[in-house]
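The block underneath contains the structure these notes are about, expressed in structure tokens.
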Amino acid sequence: MAERPLSPHLSIWRWGPAMLVSILHRISGDGMALVALPVLLWWLSALASGPDAYETFTAIATSWYGYIVLVGISWAFFNHLCSGIRHFVLDMGAGYEVDGNNRWSVATVVGGVVLTAAFWAVLVLR
Amino acid sequence: MNQQTSFERKGTRVGKVRGLGSAHHGSHHWLLQRFTAAGNLLTVLYLVFSILLLPDLSYENAFRWLSQPAGALPLALLIVSVFWHARLGLQVLIEDYVHAQGTRFATMLVLNLVTFAAAGFGLLCLVFIVAKGLALTSAQGAMAAAMQAMQGGMQGGGM
Numbered sequence: 046m047a048e049r050p051l052s053p054h055l056s057i058w059r060w061g062p063a064m065l066v067s068i069l070h071r072i073s074g075d076g077m078a079l080v081a082l083p084v085l086l087w088w089l090s091a092l093a094s095g096p097d098a099y100e101t102f103t104a105i106a107t108s109w110y111g112y113i114v115l116v117g118i119s120w121a122f123f124n125h126l127c128s129g130i131r132h133f134v135l136d137m138g139a140g141y142e143v144d145g146n147n148r149w150s151v152a153t154v155v156g157g158v159v160l161t162a163a164f165w166a167v168l169v170l171r
Numbered sequence: 009m010n011q012q013t014s015f016e017r018k019g020t021r022v023g024k025v026r027g028l029g030s031a032h033h034g035s036h037h038w039l040l041q042r043f044t045a046a047g048n049l050l051t052v053l054y055l056v057f058s059i060l061l062l063p064d065l066s067y068e069n070a071f072r073w074l075s076q077p078a079g080a081l082p083l084a085l086l087i088v089s090v091f092w093h094a095r096l097g098l099q100v101l102i103e104d105y106v107h108a109q110g111t112r113f114a115t116m117l118v119l120n121l122v123t124f125a126a127a128g129f130g131l132l133c134l135v136f137i138v139a140k141g142l143a144l145t146s147a148q149g150a151m152a153a154a155m156q157a158m159q160g161g162m163q164g165g166g167m
């Protein structure tokens, strides 16, 4: 095999909306795989263990650093959801025209933040 | 970059391509990523709306929700779909950034083992929660039956 770049070479790409979405898609996806899934398993195993273990989980999850992680996880999900739907559109062969592609790229990033804010607003204000 | 990404393939024309992936399966990973993405969309949105619709995520509420098959099944499907999707995504990450063949193989091996173990653990937790709920229900049922029998006995004895 030739010695050519096989991977995303972050340093030689010109920044643009599509590139930003691509990177955020990977960060949010792999971030959820490495952080959100262990938290999910911790929550489920605490629930399976009983009230004491669940109390321990809740105490840490509702601490200030717990909330930072949970808000991060929820943002990762909503961001990955939006850019994932963008992928479905691109898979159908649509959305490659530069202006529209840039617009929708920005829209997915904004959409992820807005949905995260809406999710926590409902949780806090209900 | 002077790092050797792969060994030079020698031999016959077939020998040069052997082991690089079988024909007609090029879209397999890509398709599975989409199928599980659709599964994630449905099951994680179920989780999101459940969290929003429950009064809170106290032990009692969460247990009442997930000890019922109607709550446990979507979450079991979530675990299968999400862990599968995560495995596929992490595989791409490894393929992009782990170049040395031996290390890549070992990382992929660990990824598969950890994914299966973690998903199995999550499913087992759900089985525990449902089983605990069933045990509590039958215990409450037995308690109620015993109370009824006692009351019946007292009434019977008084008459």
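First to last, the protein sequences are chains A and B.
Per the numbering used here, residue 46 is the first one in the first sequence, and the count goes up by one each step.
Per the numbering used here, residue 9 is the first one in the second sequence, and the count goes up by one each step.
Just so it is clear, CB atoms sit at the ideal spot from N, CA and C, and this is done for glycine as well.
Could you give the DSSP three-state label for residue i: helix, strand or coil?
i, result
"A/Met137", "coil"
"A/Trp58", "coil"
"B/His32", "coil"
"A/Ala166", "helix"
"A/Thr103", "helix"
"A/Ser108", "coil"
"B/Gly166", "Only weak support is given to the placement of B/Gly166: the predicted model assigns it a pLDDT of 48, under 50, and the value that follows is read from those uncertain coordinates. In the structure shown, B/Gly166 sits in a helix (DSSP, three-state: H, G or I)."
"A/Arg171", "coil"
"B/Ala114", "helix"
"B/Asp64", "coil"
"B/Ala139", "helix"
"A/Ala121", "helix"
Terminal residues of the continuous alpha helix (DSSP H) containing residue i?
i, result
"A/Glu93", "Strictly speaking, residue 93 of chain A in this sequence is Ala, with Glu absent from that position. Element bounds for A/Ala93: 82 to 94."
"B/Gln41", "36 to 61"
"B/Ser89", "77 to 105"
"B/Arg72", "67 to 74"
"B/Gly23", "21 to 25"
What does the alpha-carbon distance come out to for the pair residue i and residue j?
i, j, result
"B/Gln5", "B/Val118", "Since the displayed chain B opens at 9 and closes at 167, residue 5 of chain B lies outside it and no answer follows."
"A/Leu160", "A/Cys127", "9 Å"
"A/Gly111", "A/Ala166", "17 Å"
"A/Pro62", "A/Ile72", "15 Å"
"B/Ala78", "B/Tyr54", "12 Å"
"B/Ala157", "A/Ser108", "49 Å"
"A/Ser26", "A/Leu168", "There is simply no residue 26 of chain A to check, as chain A begins at 46 and stops at 171 in what is shown."
"B/Leu142", "A/Ser94", "15 Å"
"B/Ser75", "B/Leu50", "20 Å"
"A/Val154", "A/Val143", "17 Å"
"A/Met137", "A/Phe102", "43 Å"
"A/Ser150", "B/Thr145", "51 Å"
"B/Ile102", "B/Arg112", "7 Å"
"A/Ala121", "A/Ile130", "14 Å"
"B/Phe71", "A/Leu92", "7 Å"
"A/Phe164", "B/Thr115", "36 Å"
"B/Trp92", "B/Gly47", "10 Å"
Worksheet item: Three or more beta-carbon pairs under 8 Å between the stretch 73 to 82 of chain A and the stretch 59 to 71 of chain B, yes or no?
Response: no
Worksheet item: Using Cβ-Cβ distances below 7 Å, what residues of the stretch 107 to 140 of chain B are close to chain A?
Response: Those residues of the stretch 107 to 140 of chain B that come within reach of chain A (Cβ to Cβ, closer than 7 Å) are Ala126, Phe129, Gly130, Cys133, Leu134, Phe136, Ile137.
Practice prompt. Below 7 Å between beta carbons is the criterion; list the residues of the stretch 91 to 108 of chain A that meet it against any residue of chain B, in chain order.
Written response: Leu92, Ala93, Pro96, Tyr99
Practice prompt. Flag this pair as touching only if the stretch 113 to 131 of chain B and the stretch 66 to 73 of chain B have three or more C-beta atom pairs under 8 Å; answer yes or no.
Written response: no
Worksheet item: Using 8 Å as the threshold, is the stretch 83 to 103 of chain B in touch with the stretch 126 to 146 of chain B, meaning 3 or more CB pairs across them?
Response: yes
Item to complete: Select from the stretch 128 to 140 of chain A all residues with a C-beta closer than 9 Å to any C-beta belonging to chain B, and list them in chain order.
Response: Gly129, Ile130, His132, Phe133, Asp136
Discussion item. Against chain B, which members of the stretch 149 to 171 of chain A pass a CB distance test of less than 9 Å?
Written reply: Phe164, Val167, Leu168, Arg171
Item to complete: Scan the stretch 76 to 106 of chain B for residues whose Cβ lies nearer than 9 Å to a Cβ of chain A and list them as they occur along the chain.
Response: Leu83, Leu86, Ile87, Val90, Phe91, His93, Ala94, Arg95, Gly97, Leu98, Val100, Leu101, Glu103, Asp104, Tyr105
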